[in-house]
Amino acid sequence: MKTKLYILMLAVSVVLAASCEDYLTVKLYDQANLEEIFSKSNTTHRYLRQLYSYIPEDESVDNREGWVVSRSDEAQNSAVTFVHYLSYRTGNYSPATAGRTDNGEDDAYRPWNEMYKAINQCTIFMNNVDLDKEDSAGDREYMKAQARFLRAYFYYVLFRQYGPVFLWMDSDYNAVTPDESLEGATVDRHTVDQNVRFIVSELDKAIEALPLRVGDNDLESTSRWTGMATKGAAMAVKSRVLLMAASPLYNGCDLYKGQMRNLRGDYLFPQTADASKWDKAADAAYDLIKLAEDEGLYELVKDQPYPSGSQYEDTPQQHGAWDYEQVFHTKWNKEIVWGWWKRESSEYSYLWGNGQQLALTLPPAPALHYHGFAHVSPSLKLVDAFPVWETGRYPVTGYESTGGRLDYSRPIVDAESHYQSDGWTENYKAPVNTPWAPAFKAHNSTVGRDPRYYASLVPNGWPWPNANKAKFFSCYNSAECISQWAANGDHNRVGYVWRKWYPTDLNLDDNNSYHIYEVYPSIRLAEIYLNYAEAMNERSARNGAVACEYINKVRNRVGLNNIEDAYPGIEGNQALLRWVIRMERMCEFNGEAVRHYDAVRWMIAKDEYTTKNWTLKLSATTYEESYERVSDDFVGGDPTFTDRDYLFPLSNNQLSEMTNITQNYGW
Numbered sequence: 015m016k017t018k019l020y021i022l023m024l025a026v027s028v029v030l031a032a033s034c035e036d037y038l039t040v041k042l043y044d045q046a047n048l049e050e051i052f053s054k055s056n057t058t059h060r061y062l063r064q065l066y067s068y069i070p071e072d073e074s075v076d077n078r079e080g081w082v083v084s085r086s087d088e089a090q091n092s093a094v095t096f097v098h099y100l101s102y103r104t105g106n107y108s109p110a111t112a113g114r115t116d117n118g119e120d121d122a123y124r125p126w127n128e129m130y131k132a133i134n135q136c137t138i139f140m141n142n143v144d145l146d147k148e149d150s151a152g153d154r155e156y157m158k159a160q161a162r163f164l165r166a167y168f169y170y171v172l173f174r175q176y177g178p179v180f181l182w183m184d185s186d187y188n189a190v191t192p193d194e195s196l197e198g199a200t201v202d203r204h205t206v207d208q209n210v211r212f213i214v215s216e217l218d219k220a221i222e223a224l225p226l227r228v229g230d231n232d233l234e235s236t237s238r239w240t241g242m243a244t245k246g247a248a249m250a251v252k253s254r255v256l257l258m259a260a261s262p263l264y265n266g267c268d269l270y271k272g273q274m275r276n277l278r279g280d281y282l283f284p285q286t287a288d289a290s291k292w293d294k295a296a297d298a299a300y301d302l303i304k305l306a307e308d309e310g311l312y313e314l315v316k317d318q319p320y321p322s323g324s325q326y327e328d329t330p331q332q333h334g335a336w337d338y339e340q341v342f343h344t345k346w347n348k349e350i351v352w353g354w355w356k357r358e359s360s361e362y363s364y365l366w367g368n369g370q371q372l373a374l375t376l377p378p379a380p381a382l383h384y385h386g387f388a389h390v391s392p393s394l395k396l397v398d399a400f401p402v403w404e405t406g407r408y409p410v411t412g413y414e415s416t417g418g419r420l421d422y423s424r425p426i427v428d429a430e431s432h433y434q435s436d437g438w439t440e441n442y443k444a445p446v447n448t449p450w451a452p453a454f455k456a457h458n459s460t461v462g463r464d465p466r467y468y469a470s471l472v473p474n475g476w477p478w479p480n481a482n483k484a485k486f487f488s489c490y491n492s493a494e495c496i497s498q499w500a501a502n503g504d505h506n507r508v509g510y511v512w513r514k515w516y517p518t519d520l521n522l523d524d525n526n527s528y529h530i531y532e533v534y535p536s537i538r539l540a541e542i543y544l545n546y547a548e549a550m551n552e553r554s555a556r557n558g559a560v561a562c563e564y565i566n567k568v569r570n571r572v573g574l575n576n577i578e579d580a581y582p583g584i585e586g587n588q589a590l591l592r593w594v595i596r597m598e599r600m601c602e603f604n605g606e607a608v609r610h611y612d613a614v615r616w617m618i619a620k621d622e623y624t625t626k627n628w629t630l631k632l633s634a635t636t637y638e639e640s641y642e643r644v645s646d647d648f649v650g651g652d653p654t655f656t657d658r659d660y661l662f663p664l665s666n667n668q669l670s671e672m673t674n675i676t677q678n679y680g681w
C-alpha cells in the first residue's frame with residue numbers, strides 16, 4: 015500500500031506578492047498551472063522568493079529554529095511557559111512529543127516536514143524555470159543555481175538536526191526521482207557519507223553557476239537580486255558541511271559503532287574515523303578565504319569610524335568593541351558571506367524585543383524599568399568565557415562538579431589569566447560604550463575583559479550604553495527587577511543581559527523600541543577563519559602555526575593579543591589549541607545559533623550542558639550580595655543532556671508513514 019509521505023510531491027504554493035505582508039497563495043495541481051506560472055517573469059521571481067521563505071529563522075533565538083541558543087550552555091531562558099523549549103532543555107521529550115503540534119502544524123523545533131516541502135519546491139522550480147522566456151538565459155541560470163543552493167542548504171538543516179536523512183535525489187544519482195511512487199515501507203535514510211557527498215556535489219554545481227557578486231554573470235538587473243545567493247554563500251555552506259563531516263560525532267564515533275543500520279544493510283554512521291575529512295574541510299575553508307582575498311569580496315569589519323560628535327576615546331579596547339558591534343549594525347557589511355534581513359516574526363521580537371526589556375536605574379534612585387521582562391539571558395558560563403584583556407587568556411578552564419552536574423559557583427580559574435572571580439573595584443570607569451557614565455563600584459569578574467564582552471552583554475550594576483538616558487542596569491531586589499510576569503519566570507533570572515543586537519544609544523522607551531530591523535549575518539568571514547583554523551589543527555598534516563594565524567585575525571580585530579603571546583608554545587600543542595578554538599568560537603559567535611551545533615559535533619554537550627540553573631543572587635537586597643552565585647533563584651528544570659540527545663528523534667508521525675525507517679540512537 016502506498017503511503018502519503020510528507021517528503022512527496024505536495025501542492026505547489028507560489029507567493030504572488032512583492033512583500034511578505036501582502037501575498038496570495040495559489041495551489042497548483044497540474045502541469046498546465048505550472049506552465050502558466052513559469053511563463054511569466056513576475057510570477058517566476060515570486061516563486062523564487064518563496065523558496066527563500068523556507069530558510070529557518072536561526073535569528074529567532076527565543077523560539078523556532080534558533081531555539082538552540084537557549085538549548086545550549088551559552089544562555090538561559092526563564093520562560094517556563096514555553097513547554098516545548100523547557101522539555102528539550104531538560105531532556106523530557108520523546109518521539110511521541112517530537113512530531114506535529116495538536117493543531118496539525120509543524121513545531122518549528124522539528125524541521126523534517128517543512129524542509130522536505132522546501133526541497134520539493136526547489137526541485138519543481140529547477141525543473142520548470144526554463145519555461146520563463148521573459149527573462150534572459152543568464153537570469154534563468156542564476157535562478158536555477160539559487161534553487162539548487164537552497165535545496166542543498168535545506169538538506170544541511172535536516173542533517174544538523176537529525177544526522178543523515180533520506181536523500182530525495184535527482185535521477186542522475188541512481189536514486190529515486192521525486193514523484194508520488196514512493197512506498198512508505200521502502201523509504202530509509204542514506205548514510206552520513208552519502209548525505210555529505212550529495213550535499214557537497216550540489217553545492218559544487220551551485221558554486222560553478224552562481225555569480226561572485228549580485229549583478230555579475232550578465233544579469234539584467236542588480237536590485238532584484240539583493241540578498242540572494244552568491245558563489246561565496248555556497249562555498250560557506252560547503253565549509254560548514256565538511257567541517258561537520260570531519261567532526262567527532264560524524265566521523266567514526268564510538269557511540270554509533272554497530273548501531274543504526276538502514277534497510278540496505280549500511281551503517282548510517284562511519285564505523286571508523288577518516289582523518290582525510292579534515293583535509294577536505296580545510297580545503298573548503300581556504301578556497302573561500304583565497305577567493306575573498308583575490309576578489310576583494312569579504313573582509314572583517316574593523317577600524318570603523320565613530321559617529322560624529324561622539325565622546326568615545328580611541329583606545330584599542332574601545333575600538334575593538336565598536337568594530338565588533340558594527341558587524342551586527344552595519345547592514346550588508348563585507349564580513350557577511352551570507353545573510354538575510356531579520357524577519358520580524360512574533361517569535362523573533364519576543365526575544366530580542368520584549369525578551370530584552372530592562373530594569374534601568376539612576377543611582378541611587380530606585381530602578382526605573384519599562385518592564386523587567388528579559389527572559390533569555392547569557393549564561394554564567396558564557397560570561398566566564400571571554401578572555402581577560404591584559405593577558406588574552408580565557409579565565410575559566412572548567413568547573414568542579416556537584417552531584418554530577420557542573421557547578422558554576424566553583425570555577426577552575428587560570429591564575430595566569432589575572433582574572434579575579436570575586437572582590438570589588440571601587441570607582442571603576444567602564445572602558446567601552448559609556449563615556450558619559452560616572453565611576454562606580456564594579457565586581458572584579460566584570461573588570462578588564464575582552465571588548466566583545468562589553469559589546470555583547472551588560473553586567474548587573476553596569477551602565478547601559480545609552481548617553482541619552484544615562485542609566486545603569488539593575489538586576490537584583492525583587493521590588494525593582496521582577497516584573498508582572500514574575501510568576502511565570504518571564505524576566506531576567508541570571509543577572510546579565512544581552513545587548514548584542516541593540517545599537518549603542520538606542521532609546522528603549524516603549525515596546526516598539528525593542529523591535530530590531532537588521533541584517534542577520536548567518537555566515538560571516540570570522541567563522542570561515544575559525545573553520546580553517548580548526549581544520550588545520552586536526553588535519554593529517556597538522557599545521558598549528560597556520561591555525562594560530564587565523565585565530566589571531568579574529569582576536570586582533572577586537573584588539574586582543576596573538577594567541578601565541580597568550581599561550582606560549584601553543585602551536586605545538588594540539589589539545590590546547592583545540593580547546594582555545596572552541597573557546598574562541600563560543601565568544602565570537604555568542605547568541606548566533608552556532609554554539610549548540612558546535613557542542614554537538616564535538617560531542618561535548620553531554621559534559622558541558624548538564625548543570626543546574628546557576629545565576630547571580632537576584633533575590634538579594636543589596637548590590638554586593640547580588641554577585642553571589644546561586645542555583646535556587648531560577649525558575650525551571652535543570653538542563654540535562656544524554657547520549658541520545660546528540661541527534662533529534664524522528665517523530666512517531668514519520669515512523670508511522672515510513673514504517674521501516676531507521677530511528678536515531680537512544681530513541
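Numbering (my numbering), first residue to last: 15 to 681. Cβ atoms here follow ideal geometry from the backbone N, Cα and C, with glycine treated the same way. Since the structure is predicted, the reported quantities are computational estimates derived from the model, not experimental observations.
message: Across the stretch 285–299 and the stretch 252–262, are there enough close Cβ pairs to call them in contact, namely three or more that are closer than 8 Å?
response: yes
message: Using 8 Å as the threshold, is the C-beta distance between Ala660 and Val614 below it?
response: Reading off the sequence shown, one finds Tyr at residue 660, where the question assumed Ala. Yes, they are a contact pair.
task: Can you tell me which of the three DSSP states Arg114 falls into?
output: For Arg114, the predicted model reports a pLDDT of 46, less than 50, meaning its position is unreliable; a value from the coordinates is still stated below. It is a strand residue.
field: Inter-residue Cα distance where the pair is Arg174 and Tyr611
entry: 7 Å
- prompt: In chain order, what residues of the same chain have a beta carbon less than 6 Å from the beta carbon of Val82, not counting five sequence neighbours either side?
  reply: Ala607, His610
- prompt: What separation, rounded to the nearest whole angstrom, lies between the Cα atoms of Trp593 and Leu217?
  reply: 30 Å
message: According to DSSP, is Gly353 part of a helix, a strand, or is it coil?
response: strand
- prompt: Alpha carbon to alpha carbon, how far is Pro225 from Phe648?
  reply: 50 Å
query: Just how far apart, CA to CA, sit Trp616 and Ser55?
result: 46 Å
Neighbourhood of Pro378 by C-beta, 7 Å cutoff - its chain only, sequence neighbours within 5 removed: With a pLDDT of 37 at Pro378, under the threshold of 50, the modelled position of that residue is not reliable, and the figure given next carries that caveat. Nothing listed; no residue qualifies.
message: Looking at the secondary structure, which residues open and close the beta strand (DSSP E) in which Ser391 lies?
response: 390–392
- prompt: In the DSSP assignment, what are the bridge partners of Thr329?
  reply: DSSP, once it has assigned bridges, lists no residue as partnering Thr329.
- request: Tell me whether Arg278 sits in a helix, a strand or coil according to DSSP, three-state version.
  value: coil
message: I'd like to check one pair, Val228 with Ala242: are the Cβ atoms closer than 8 Å?
response: The identity of residue 242 in the sequence shown is Met, whereas the question assumes Ala. Contact flag set, yes.
field: Contact under 8 Å by Cβ, Asn447 with Asn482
entry: no
message: To the nearest angstrom, how far is the alpha carbon of Arg463 from that of Leu394?
response: 14 Å
Candidates Ala159, Ala161, Phe168, Arg203, of which the one nearest Val179 by Cα: Arg203
task: Could you tell me which of Thr676, Gly412, Phe603, Leu100 sits nearest to Asp621, measuring between CA atoms?
output: Gly412
Beta-carbon proximity of Val623 to Ser86, cut-off 8 Å: Reading off the sequence shown, one finds Tyr at residue 623, where the question assumed Val. Yes, they are a contact pair.
- prompt: So what's Ile537 in DSSP terms, helix, strand or just coil?
  reply: strand
message: Taking the alpha-carbon of Asn576 as reference, which of Asp268, Leu172, Asn666, Ala559 has the nearest alpha-carbon?
response: Ala559
Best match in Gln135, Tyr534, Leu590, Gln64 for proximity to His343 [C-alpha to C-alpha]: Tyr534
query: What three-state label does DSSP hand Pro378 in the structure shown?
result: Note that Pro378 scores 37 on pLDDT, short of 50, meaning its location in the model is unreliable and no value can be drawn from it.
query: For Val511 versus Phe486, is the C-beta spacing smaller than 8 Å?
result: no
query: By Cβ distance below 8 Å, which residues in the same chain neighbour Ile221 in space, the five residues on each side in sequence not counted?
result: Lys245, Ala248, Met249, Lys252
Distance CB(Arg538)-CB(Glu349) smaller than 8 Å: yes
Nearest-angstrom Cα separation, counted from Ala589 out to Asp337: 31 Å
task: Apply the 10 Å Cβ neighbour rule to Trp697 and answer buried if 16 or more other Cβ atoms are within range, or exposed otherwise.
output: An answer regarding residue 697 cannot be provided, because it is not within the stretch 15 to 681 covered by the chain.
- request: Along the beta strand (DSSP E) that carries His457, what are the first and last residues, could you check?
  value: 454–457
message: Just verifying my parser: in three-state terms, what is the DSSP assignment at Arg466?
response: helix
message: Going by DSSP, what residue range makes up the beta strand (DSSP E) through Gly412?
response: 410–416
Alpha carbon of Ser470 to alpha carbon of Asn106, nearest angstrom: 31 Å
query: Going by DSSP, which residues form a beta bridge with Leu630?
result: Arg643
message: Judging by CA-CA distance, which residue of Arg103, Thr104, His98 is the nearest neighbour of Thr111?
response: His98
- request: Taking only the alpha-carbon atoms, compute the straight-line gap between Asp153 and Thr460 and give it to the nearest angstrom.
  value: 53 Å
query: Mind checking whether Pro392 and Ala89 have CB atoms under 8 Å apart?
result: yes
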